[in-house]
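Some notes on the structure that comes next.
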Amino acid sequence: MAAVALLAARPAPAPGGPARKAGPLPAAGWRVRPHSLRSVPPPGVAGRGGARAARPTRAAMGGCDLFALDFDGVFCDSCGESSLSAVKAAKVRWPWVFERVDAAMEEWIVERMHTLRPVIETGYENLLLVRLLVEIQIPSVRKSSVADGLSIQEILENWSKLLPTLMDEWQEDRESLVDLFGRVRDDWLENDLSGWIGANRFYPGTADALKLSNSELYIVTTKQSRFAGALLKELAGVDFPSERIYGLGTGPKVKVLQRLQEMPQHQGLTLHFIEDRLATLKNVIKEPALDKWNLYLVKWGYNTQKEREEAGAISRIQLIDLPDFSKQLK
Ligand SMILES: [Mg+2]
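Residue numbers for the sequence shown follow the UniProt record's numbering, beginning at 1 and rising by one.
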């Protein structure tokens with residue numbers, strides 16, 4: 001398969017600020033850029049933009065690259081949107097829990113959700129966290145055995161154990177919560193597109209990195225594909241091919257990576273997986289079939305300093321910052 005690239009360069013976003021909303025792209029959006037046109041410096045020599053020679057970057061690779069890219073926490077800071085959507089959805093699911101929740105407590109909840117974001121793997125977990133925060137604050141609505149005296153730090157450290165306990169004690173099922181969360185977002189998106197889009201932002205430079213890349217790009221996310229596609233279009237100004245977005249329901253990320261690497265058109269490509277969630281990268285490391293993937297943890301997004309330090313000690317994982325990201329994707 002030919003590499004795709006969006007050749008219509010756009011101005012870089014203001015330093016320190018989110019990528020600006022861009023209008024629709026010209027019809028010639030995704031076009032083929034022959035790899036032979038790329039400037040590939042000899043091994044050991046820094047490439048365009050000062051790419052570091054020590055890494056297995058394209059200088060060493062020489063060939064074509066395939067990038068599997070996480071979405072939330074890599075391209076898109078969706079924490080504001082997901083927290084507000086979760087509050088809306090939790091009110092639908094458990095109205096009695098929210099009877100005594102006023103605007104000030106809602107604001108407190110959304111603030112705490114920013115701190116708790118690193119623990120979330122899939123969107124529906126936002127609903128559980130929102131309800132748990134209410135149960136911590138209001139004893140009379142408490143139905144879980146764990147809420148009494150629970151601190152934010154304890155949630156951060158123990159979420160993988162708390163989650164199944166809460167699901168069990170609240171007698172919830174994952175599919176219903178996933179479905180409800182999706183419907184609440186659909187309603188918001190349908191009735192107030194600009195409000196919904198405005199609750200998200202792209203990390204500075206990431207939209208341009210996507211547009212200027214001439215590598216094979218795939219989005220691999222636990223978000224529903226239609227939401228990732230809408231944000232790419234409305235916030236980044238990119239009509240990203242929907243068949244290149246592997247969203248919620250397409251299987252665990254390790255399985256998606258395996259499928260991508262097995263596709264005949266991807267044979268011979270150098271494989272890269274960029275994530276903001278350390279646990280996901282560790283799952284890839286556990287899978288011998290995925291040994292060929294170069295793994296990257298971004299220094300922005302939803303991970304903690306402790307996780308970045310842990311990743312730094314794992315030889316398979318490279319930590320990258322925003323300027324590295326743009327260079328890697330080229
Ligand atoms: Mg992520």
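Even for Gly, the Cβ is constructed at its ideal location relative to N, Cα and C. Values in this document were obtained by computation on a predicted structure and should not be read as measured data.
Buried/exposed call for residue i, threshold 16 Cβ in 10 Å
i: E135; result: buried
i: S145; result: exposed
i: T221; result: buried
i: Q318; result: buried
i: L116; result: buried
i: A313; result: exposed
i: L232; result: buried
i: I152; result: exposed
i: K161; result: exposed
i: S83; result: buried
i: E175; result: exposed
i: R112; result: buried
i: S225; result: buried
i: D77; result: buried
i: A311; result: buried
Whole-angstrom distance between residue j and residue i, CA atom to CA atom
i: V141; j: W94; result: 10 Å
i: N283; j: N214; result: 28 Å
i: L128; j: V110; result: 13 Å
i: L260; j: F181; result: 28 Å
i: G205; j: G301; result: 14 Å
i: D179; j: D186; result: 10 Å
i: L212; j: K327; result: 10 Å
i: D148; j: L163; result: 16 Å
i: S85; j: A103; result: 15 Å
i: P288; j: F240; result: 31 Å
i: N126; j: E216; result: 32 Å
i: M167; j: I138; result: 19 Å
i: R316; j: E190; result: 42 Å
i: D276; j: I120; result: 11 Å
i: E154; j: P264; result: 46 Å
i: K330; j: E309; result: 27 Å
i: V92; j: L69; result: 33 Å
i: F75; j: Q305; result: 19 Å
i: E99; j: A207; result: 41 Å
i: W108; j: D192; result: 24 Å
i: E157; j: V101; result: 26 Å
i: T165; j: S194; result: 37 Å
Proximity test, residue i beta-carbon vs ligand 1 heavy atom, cut-off 7 Å
i: V74; result: yes
i: D276; result: yes
i: G123; result: no
i: Y296; result: no
i: D70; result: yes
i: G80; result: no
i: G301; result: yes
Sub-8 Å separation of residue i and residue j beta-carbons
i: E106; j: A199; result: no
i: S242; j: G251; result: no
i: L271; j: L281; result: no
i: H114; j: C64; result: no
i: V298; j: I274; result: yes
i: W293; j: L257; result: yes
i: H266; j: L133; result: no
i: I219; j: R183; result: no
i: A236; j: F325; result: no
i: I197; j: E234; result: yes
Interface flag, residue i vs chain C, CB-CB below 8 Å
i: A68; result: The structure shown contains no chain C, having only a single protein chain.
7 Å CB neighbourhood of residue i in its chain, flanking five on each side removed
i: K223; result: F71, D72, G123, G247 and L248
i: P18; result: Residue placement at P18 cannot be trusted, given a pLDDT of 38 that sits under 50; what the coordinates show is reported in the next sentence. Taken in chain order, the residues that qualify are R201, F202 and P204.
i: E169; result: K143, S144 and S145
i: R131; result: A90, W94 and V97
i: L322; result: Y203, P204, G205 and W300
i: V254; result: N283, V284, E287 and L290
i: P56; result: For P56, the predicted model reports a pLDDT of 43, less than 50, meaning its position is unreliable and no value from the coordinates is stated.
i: N303; result: P118, D276, R277, L278 and L297
i: F227; result: R185
Same chain, Cβ closer than 6 Å to residue i, five either side skipped, listed in chain order
i: L150; result: I136
i: I285; result: R316
i: K88; result: V184
i: L177; result: Y124 and L127
i: V159; result: Note that residue 159 is Trp in the sequence shown here, rather than Val. Once the five neighbours on either side are set aside, the close Cβ partners of W159 are V119.
Neighbourhood of residue i by C-beta, 8 Å cutoff - its chain only, sequence neighbours within 5 removed
i: E307; result: P118, L278 and L297
i: I320; result: I274, Y296, L297, V298, K299 and Q328
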